[in-house]
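Working notes, structure below.
Number of protein chains: 2
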Amino acid sequence: MRVGLLGGGVIGGGWAARFLLNGFDVQMYDPDPEAPRKVGEVLANARRATTKLVMPALPAEGTLTFLDSPEAAATGADFVQESAPERLELKQQLLRRASTAAGPDIVFASSTSGLLPSLLQQGMTHPERLVVGHPFNPVYLLPLVEICGGSQSSAAAADRAAAVYETVGMHPLRLRKEIDGFVADRLLEALWREALWLVNDGVATASEIDDAIRFGAGLRWSFMGTFLVYRIAGGEAGMRHFMAQFGPTLQWPWTKLMDVPELTDELLDTIVSQSDEQAGAASIRELEVLRDDCLIAVMQGLRTVGYGAGEVLDRYERQLFGRGTPTAVEPDLTAPVRVHECRVPTDWVDYNGHTNDSRYMQLSSEAGDRFLRLIGMDSAYLESGRSFFTVESHVNYVAQTRAGDQLYVTVQLLSHDQKRMRLFTAMRRSDDDALVATAEHMMLHVDTTADRASPADPVILAKLAAIAEYHDRLPAPPQAGRHIGQPSR
Amino acid sequence: MRVGLLGGGVIGGGWAARFLLNGFDVQMYDPDPEAPRKVGEVLANARRATTKLVMPALPAEGTLTFLDSPEAAATGADFVQESAPERLELKQQLLRRASTAAGPDIVFASSTSGLLPSLLQQGMTHPERLVVGHPFNPVYLLPLVEICGGSQSSAAAADRAAAVYETVGMHPLRLRKEIDGFVADRLLEALWREALWLVNDGVATASEIDDAIRFGAGLRWSFMGTFLVYRIAGGEAGMRHFMAQFGPTLQWPWTKLMDVPELTDELLDTIVSQSDEQAGAASIRELEVLRDDCLIAVMQGLRTVGYGAGEVLDRYERQLFGRGTPTAVEPDLTAPVRVHECRVPTDWVDYNGHTNDSRYMQLSSEAGDRFLRLIGMDSAYLESGRSFFTVESHVNYVAQTRAGDQLYVTVQLLSHDQKRMRLFTAMRRSDDDALVATAEHMMLHVDTTADRASPADPVILAKLAAIAEYHDRLPAPPQAGRHIGQPSR
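In structure tokens, the structure reads:
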């Protein structure tokens, strides 16, 4: 799959990064001779951030090519995204030229944050395939993309754009009406206008205004919008009650400051100096990394709840897993079974700069879970009041790993009887198959209702027997059966 | 420490919960006969959420008493917080009455979201001690509280209020000017006004507007406000460049929709039905739990970055640690050293409903770290290129624990030489001292520059020797030296 990009600024570079990291080839047109450097910088940020964000391995990175005309960038592309500066004539010209070089069913999307698609599509060859696809900075991390068609746009073009964006882990929001500024930027601008007034009137500084957002409503806005938050605030009495209670305050005098403050030199100076003070000694690059790390932490946090951007991330990761080698339903039993892989997340790393020892236990435990699923322990089995509990574990740490390292885990069945099973896991680096840790677990089959040991289901025992037939022939790993303090073999 | 609360609605109940969970006694006045039930419900939510949010144990919960007059609620209180409905006369009357019953230096704060403190303090005994202390819902989780004095307010009153709020884990934002709606609500209201227009004009539904926030700018707003975000968007050219680029768009036609839409019955019906549709079958209670879980996840996520609300949380936790029993500088060596305690967080629990086995390794590893600090391995030591690495671990799982269980860990030094040390940890439930898991670790002293084993510093060896003098006399734990598959003793 190949994407044509028109424009390689902050937004175009962000698109390039998102597409490349998802394995798409990118052909870009940007007349700025600095574009390759700028895109390279965004890509470096994005590589670091995306690797940190998602657990499964990303597909092999696509190829980035710079071409010298919009026509060349669109030739052979399966999808075209325009991210030129916000000047109508410029965007129209780029889209017009590029559209002559692309097949009639190739969809074009514009990253414009405010220009109407009905205007953008004027003069294009096959104007019906143009929609707005408005992303948010940083494009490689934020899931939102607003899709908005113009008067000539086809529904199929919007469908196609939505499908492409979902493939790269985004959340497309389909707008039902064409409107300047779309939805998100109107909301942002309303808040921004009020913020400028507060600075203008000396009520608060840039930094204080930011604090008023990020320590309060901003925390909620990362997973619920204003409507749902207010519904909850209304309590059992519901939204009508909330509106009755707070509707009148909309007419209070403090809502009347709705004009735009004049951007005098004085106001600009104030904003700039307050912004400088707020940023302190931090460079833009450092601020970008901080922003990305916070976004990653927030989205990964929300993933544990399975809500909002966490749900989008979860869906994306499952998609990435699906694209990788699936765990064989009928595994190869002539060797330890490869059941699990992961990339070391940054929060696994401790003050020594390496993966913390306890995380290998976590990894091994996750691998054990996958082995249990392989032998038939599913949710129905758990609901029937039966499970395997680990009663004893032994870990050997062999080599260090670092954040971002790709690891995989194999499981070997050392022994089993009706109630017990002894598993051995080997954790290896994917690059070179180097052993990094091993673990041995004694697991007990338990009747969870009576809370005592019980024989496993015959179906599970049969699967264990089938595996044992092969694994009994494997050599015992040197780390198995060790006690602490025993000299290494 | 005792707090008087005037009003026990959603906000007053949230204050009650925050103060009680931080060990303050609360005396509350609310004429609503339903107040005890309502406050009880908020408190139940808050208990669950706060326990999940913070790692260290909370202090013993304070006592909640309902009293039948504002005077009674203020009598003997060290701080008074008013959270009555937003009616000026009502608030004035409550503050006036309560102020007659409190000593002259007892500070009063009002939770009003928009009324001016200069008006609220009129008629109070000692009006100089009244400030606004405006919190955000849910009060027991969101750190922001705006502090704003009126024309008669003293700086000391604002200082005192800020100190009280910091004690209960909040971030006080001191406003420099008295203004209707303060800072945060003006920003919220600006966005809300625009959202109402979008619904009114049929551009987007409540749910779509919420998505436009939570999948985009809302994620950023959870840690950086608009000013810093825009500074980053401006790139290396800085804030002046950003303003030059986007300032003109403030004058575009789509910024002119700044009036308040009339809340006709039709618009209200639309909002209510869209809100119902968005909430689906979820009850307010379920939505509250979802909101709280998301807030916890976001704040815990930001804690890993140490920024924004994560920094506030981190400071609060360190404060809670400090309030607990400090680790003795000269520990009692006649028994295994108690080095660590924690409350089982919800995300440690797996599908079996118990703490996942791998978490005991994490807990034991954290205890090992604390033991290392105890024997002198500090950041200077690490920077000198020396550290202890774990090379082998053995865990025995003895009993199940659940989310919220309070655990503590002891460390016993089993043996050591110049380069190696064998530690044994016992993890116990705090309630009944029941053993839940044990772990044994072999640790190797490493020259991290050369990446090979090396003798520990004489200072550390001396500390180990001092501990060994006592610990050598302790009986060997039955789980020490075991290998997997060995019958239990």
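Residue numbers (the numbering used here), protein chains in the order written: chain C, 22 to 510; chain R, 22 to 510.
Ideal Cβ positions, reconstructed from N, Cα and C, are used throughout, including at glycine.
Secondary structure of residue 427 of chain R (DSSP, three-state): strand. Comparing alpha carbon positions, the residue from C:380, C:53 and C:439 closest to residue 459 of chain C is C:380. With a threshold of 9 Å between beta carbons, residue 31 of chain R makes contact with chain C. Annotation for residue 98 of chain R: 23, 24, 25, 48, 123 and 127 place their beta carbon closer than 7 Å to its own, counting only its chain and skipping 5 residues before and after. Per DSSP, residue 375 of chain C lies in no alpha helix (DSSP H) and is assigned neither H nor E. Interface annotation, residue 112 of chain R: not in contact with chain C, CB-CB separation never under 9 Å.
Boundaries of the beta strand (DSSP E) harbouring residue 156 of chain R: 151-156, taken from the DSSP string. Put simply, the CB of residue 315 of chain R is near chain C, with a gap under 9 Å to one of its CB atoms. Listed along the chain, the chain R residues whose CB falls inside 7 Å of the CB of residue 335 of chain C amount to none; the nearest CB is some 13 Å away. Your pair residue 132 of chain C and residue 138 of chain C does not check out as a contact, with CB atoms roughly 12 Å apart and the cut at 8 Å. DSSP places residue 447 of chain C inside the beta strand (DSSP E), whose first and last residues are 441-450. Contact between the segment 456-470 of chain R and the segment 392-411 of chain R is present: three or more C-beta pairs spanning the two stretches fall below 8 Å. Here residue 285 of chain C is exposed. Its C-beta has fewer than 16 other C-beta atoms within 10 Å. Interface annotation for the segment 229-244 of chain R against chain C: 229, 230, 231, 232, 233, 234, 235, 236, 237, 238, 239, 240, 241, 242, 243 and 244, criterion Cβ-Cβ distance under 9 Å. The beta carbon of residue 392 of chain R sits no closer than 9 Å to any beta carbon of chain C. Look at residue 72 of chain C: its C-beta is not under 9 Å from any C-beta on chain R.
DSSP, read as helix, strand or coil, puts residue 434 of chain C in strand. Residue 58 of chain C and residue 70 of chain C have their C-alpha atoms roughly 19 Å apart. The residue from C:397, C:89 and C:445 with its alpha-carbon nearest to that of residue 382 of chain C is C:445. For residue 40 of chain C, the uninterrupted alpha helix (DSSP H) segment begins and ends at 31-42.
What residue 247 of chain R touches in chain C, judged by beta-carbon distance under 9 Å, is 209, 212, 213, 216, 227, 230, 231 and 234, going in chain order. Remark: fewer than three beta-carbon pairs, one from each stretch, lie closer than 8 Å, so the segment 489-502 of chain C and the segment 133-152 of chain R are not flagged as touching. Proximity of residue 505 of chain C to chain R, defined by a Cβ-Cβ separation below 9 Å, is satisfied. Any Cβ of chain R closer than 9 Å to the Cβ of residue 382 of chain C would place that residue at the interface, and such an atom is present. Straight-line measurement puts the Cα of residue 169 of chain R at about 16 Å from the Cα of residue 112 of chain R.
Judged by DSSP in its simplified three-state form, residue 56 of chain C adopts helix.
Judged by DSSP secondary structure, residue 27 of chain C falls within the beta strand (DSSP E) whose first and last residues are 23-27. Residue 376 of chain C is outside the set of residues whose beta carbon lies under 9 Å from a beta carbon in chain R.
Residue 320 of chain R has a beta carbon lying within less than 9 Å of a beta carbon in chain C. If you draw a straight line from the Cα of residue 479 of chain C to the Cα of residue 157 of chain C, it comes to about 54 Å. Here residue 198 of chain R is exposed: its Cβ has fewer than 16 other Cβ atoms, across all protein chains shown, within 10 Å.
Runs of the beta strand (DSSP E) lying entirely within the segment 43-128 of chain R, each at least 3 residues long, are 46-50, 85-88 and 100-103 in chain order. Here residue 134 of chain C is not bridged, per DSSP, to any residue. Residue 466 of chain R: not part of any alpha helix (DSSP H); member of the beta strand (DSSP E) spanning 456-468, first to last residue. Assignment of residue 263 of chain R by DSSP, reduced to helix, strand and coil, places it in the helix class. Non-local C-beta neighbours of residue 196 of chain R in its own chain, meaning closer than 7 Å and more than five positions away in sequence, comprise 167, 168, 169, 203 and 204, ordered along the chain.
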